[in-house]
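For reference, the structure is listed below as structure tokens.
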Amino acid sequence: MEDERKLEESMAEMSVDEAKEAKKKAKAEAKAAKAAKAAAKAAAATEKGKKKTKLGLSVTKEENFGDWYSEIVTEAELISYYDVSGCYILRPWAYAIWEELKAFFDGEIKKLGVENCYFPMFVPESNLIKEKDHVEGFAPEVAWVTKSGDTDLDVPIAVRPTSETVMYPYYADWIRSHRDLPLKLNQWCNVVRWEFKHPTPFIRSREFLWQEGHTAYATKAEADEEVKQILDLYRRIFEDLLCVPVIPGVKSEKEKFAGGLYTTTVEAYVPANGRAIQGATSHCLGQNFAKMFGIEFETEERARALVWQNSWGFTTRTIGVMVMVHGDDKGLVLPPKVAPLQVVVIPLPFKGCDSSVLVGAAEELTAELKAAGLRVRCDARENYTPGWKYNHWELKGVPLRIELGPKDLEQRSARFVRRDNGAKEDVSWQRLVEQARCTLEQVQKDLLDRATKERDQNVVEVRNWEDFLPALDAKKLVLAPWCEETAVEEWVKANSAGGDGAMGAKTLCIPFKQPALPEGTMCFAAPDKPAKRWTLWGRSY
Ligand code: 87F
Numbered sequence: 004m005e006d007e008r009k010l011e012e013s014m015a016e017m018s019v020d021e022a023k024e025a026k027k028k029a030k031a032e033a034k035a036a037k038a039a040k041a042a043a044k045a046a047a048a049t050e051k052g053k054k055k056t057k058l059g060l061s062v063t064k065e066e067n068f069g070d071w072y073s074e075i076v077t078e079a080e081l082i083s084y085y086d087v088s089g090c091y092i093l094r095p096w097a098y099a100i101w102e103e104l105k106a107f108f109d110g111e112i113k114k115l116g117v118e119n120c121y122f123p124m125f126v127p128e129s130n131l132i133k134e135k136d137h138v139e140g141f142a143p144e145v146a147w148v149t150k151s152g153d154t155d156l157d158v159p160i161a162v163r164p165t166s167e168t169v170m171y172p173y174y175a176d177w178i179r180s181h182r183d184l185p186l187k188l189n190q191w192c193n194v195v196r197w198e199f200k201h202p203t204p205f206i207r208s209r210e211f212l213w214q215e216g217h218t219a220y221a222t223k224a225e226a227d228e229e230v231k232q233i234l235d236l237y238r239r240i241f242e243d244l245l246c247v248p249v250i251p252g253v254k255s256e257k258e259k260f261a262g263g264l265y266t267t268t269v270e271a272y273v274p275a276n277g278r279a280i281q282g283a284t285s286h287c288l289g290q291n292f293a294k295m296f297g298i299e300f301e302t303e304e305r306a307r308a309l310v311w312q313n314s315w316g317f318t319t320r321t322i323g324v325m326v327m328v329h330g331d332d333k334g335l336v337l338p339p340k341v342a343p344l345q346v347v348v349i350p351l352p353f354k355g356c357d358s359s360v361l362v363g364a365a366e367e368l369t370a371e372l373k374a375a376g377l378r379v380r381c382d383a384r385e386n387y388t389p390g391w392k393y394n395h396w397e398l399k400g401v402p403l404r405i406e407l408g409p410k411d412l413e414q415r416s417a418r419f420v421r422r423d424n425g426a427k428e429d430v431s432w433q434r435l436v437e438q439a440r441c442t443l444e445q446v447q448k449d450l451l452d453r454a455t456k457e458r459d460q461n462v463v464e465v466r467n468w469e470d471f472l473p474a475l476d477a478k479k480l481v482l483a484p485w486c487e488e489t490a491v492e493e494w495v496k497a498n499s500a501g502g503d504g505a506m507g508a509k510t511l512c513i514p515f516k517q518p519a520l521p522e523g524t525m526c527f528a529a530p531d532k533p534a535k536r537w538t539l540w541g542r543s544y
């Protein structure tokens, strides 16, 4: 009541638009707070339930995907909830996965001649608003520092939501001649976007980790080339590391980064709820920012010219997508290439057996695997039963479990158990390292194969509007011939929002890989307009 009154009072001093905006914001804030409270309550309830059973997850992926996800990310010790709504603690298990992705991408961009750097997280107000198109739609999400202690700052300072406006004033300074080009910088950092939509760990958080690359070239051809190269690295992060198949393509005019020329993207699919999710974007900014920030150079012919720029980024969202795609009712299923631990060795002491010999042998096998470069740990803790350990490491998603019991010891072999499909195999000690490597490679391959099959079964070609909604409602992504008119895109979105609260469909991308489009094919949603290309549509995050 008190808050409402305060809001009314301050609204009396605002313009109608400002008042509307403030009301909207207050409503969204209240909604976010309510959602956070509900999430905390749910977390506490499942915590309680589990204390009773000690069995790991209390809901199945199919029963309630949302609850399953909140539970798995906390129970597997990827994240902890934090006291600021929409912010999460990345625990070592999640951070180690991030470090794997980072190591891969960092190595690859260095091969392309990109250098790492670090710019401040604070943006002067005057720079932030220089590029209007770019900031307009995003303004409500920008967080501001307005005080130090009790004193108001002379000028408020924004916290970076992305760093175009932080970096480009200095690009204008540094770039003078064609000899200063190309300039290729990247930074690994955090960014803050004060979102009001329901927050989800990794998927939508108010602070997240990412890399942002910002490059400048003399020619458009060079910039175009890099956009593709970076997008392909993003594809490899998803497919080769996370075993998540993606569809690369270009965004529609409506969905592209407004400040740029065109946006390329990799789009993933979450089978459990049929939603699409943007994986990472690689933008060609054209010369828009160069104009705004005066980034010019002298050509070899001594003429003045504007640079061509790109920016590109991927975030900790990648981890959330991997969890959603591969996790099961026992917990996480981690692809070996990103798993913090690839193998866990568990000795199975038996009553009446000398457990020190068994544990000694388990530790030796562990050392051998470690020496071969695998990430492995021996879990010989005496205060937990083997059954408890199986559940624990399954929950954490370790790709391969190696059990060693008295019988195995006798036969100088060990039992391999795969996390992804439960397959068991007895392996002689002589072939231990070789077979562990081979099994992990097979798991990596099988995870991508399985996810690709499932994704492919859920992308359908639709040629007319009648078939569009039923496909969406059956949790499909839809590939449809489209006229590429924004008005039609907006019409589709409005007319695909279900009465049951289902959201409208968006264009995800115009895939680079196009099925044949016969001459005379019309737009699926506007049958009087010729279709230009097949476009991928879906309900999305
Ligand atoms: C939120 C607030 C202010 C996204 C925002 O995709 C500005 C923005 O510019 C904003 N949310 N964006 C677009 C970011 C574009 C681009 N930046 C570099 C990337 C990749 C990395």
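Taking my numbering, I'd label the letters of the sequence shown as residues 4 to 544. Just so it is clear, CB atoms sit at the ideal spot from N, CA and C, and this is done for glycine as well.
(request) Verify the contact flag: G541, CB atom, against every heavy atom of the ligand 87F, threshold strictly below 6 Å. (result) no
(message) Let me confirm a value: D411 is counted as buried when at least 16 other C-beta atoms fall within 10 Å, else exposed. Which label applies?
(response) buried
(message) Alpha carbons only, please: which of K427, K333 and E215 is nearest the one belonging to N394?
(response) K333
(message) So, with DSSP's three-state summary, where would you put A374?
(response) helix
(request) Would you decide whether W177 is buried or exposed? Buried here means 16 or more other CB atoms lie within 10 Å of its CB. (result) exposed
(request) Could you name each continuous beta strand (DSSP E) segment of 3 residues or more that falls completely within the segment 392-464, going from the start of the chain to the end? (result) 403-407, 416-421, 427-431 and 462-464
(request) Could you have a look at Y544 and say whether DSSP puts it in helix, strand or coil? (result) coil
(request) Would you check whether the ligand 87F has a heavy atom nearer than 6 Å to the C-beta of G140? (result) In this structure, the C-beta of G140 stays at least 6 Å away from each heavy atom of the ligand 87F.
(request) Quick one: residues in its chain with C-beta nearer than 6 Å to the C-beta of F260, no 5 flanking neighbours on either side, listed in chain order? (result) T266 and H286
(message) Give me, in chain order, the residues of the same chain whose beta-carbon lies closer than 6 Å to that of V328; leave out the 5 immediate sequence neighbours on both sides.
(response) V247 and A454
(request) Given a cut-off of 7 Å, decide if V401 and L602 are closer than it, judged by their beta-carbon atoms. (result) Absent from the model: residue 602. The displayed extent of the chain is 4 to 544, so no value can be given.
(request) Given a cut-off of 7 Å, decide if C90 and R239 are closer than it, judged by their beta-carbon atoms. (result) Between R239 and C90, the gap from beta carbon to beta carbon reaches 7 Å or more.
(request) Could you tell me whether the Cβ atoms of W315 and A226 are closer together than 7 Å? (result) no
(message) Any contact between the segment 431-443 and the segment 363-378? By contact I mean 3 or more CB pairs, one from each, below 8 Å.
(response) yes
(request) Any chance you could list the beta strand (DSSP E) runs of at least 3 consecutive residues sitting entirely within the segment 141-171, in chain order? (result) 147-151 and 154-162
(request) Would you tell me roughly how many angstroms separate the C-alpha atoms of V162 and F125, rounded to the nearest one? (result) 5 Å
(request) Please name the residue in P172, E103 and N276 whose C-alpha comes closest to that of S129. (result) P172
(request) Compare the C-beta of F241 with all C-beta atoms of chain C and state if any pair is closer than 7 Å. (result) In the structure shown, chain C does not exist; there is a single protein chain.
(message) Using a 10 Å radius around the Cβ and a threshold of 16 neighbouring Cβ atoms, would you call C120 buried or exposed?
(response) exposed
(message) As a quick exercise: from F527, C512 and A534, pick the residue whose alpha carbon is nearest that of Y272.
(response) C512
(request) Identify every run of the beta strand (DSSP E) within the segment 461-498, keeping only runs that are complete inside it and at least 3 residues long; order them along the chain. (result) 462-464 and 480-485
(message) If you reduce the DSSP assignment to three classes, tell me which class D176 lands in.
(response) Helix.
(message) Determine whether the beta carbon atoms of S180 and E303 lie at a separation below 7 Å.
(response) no
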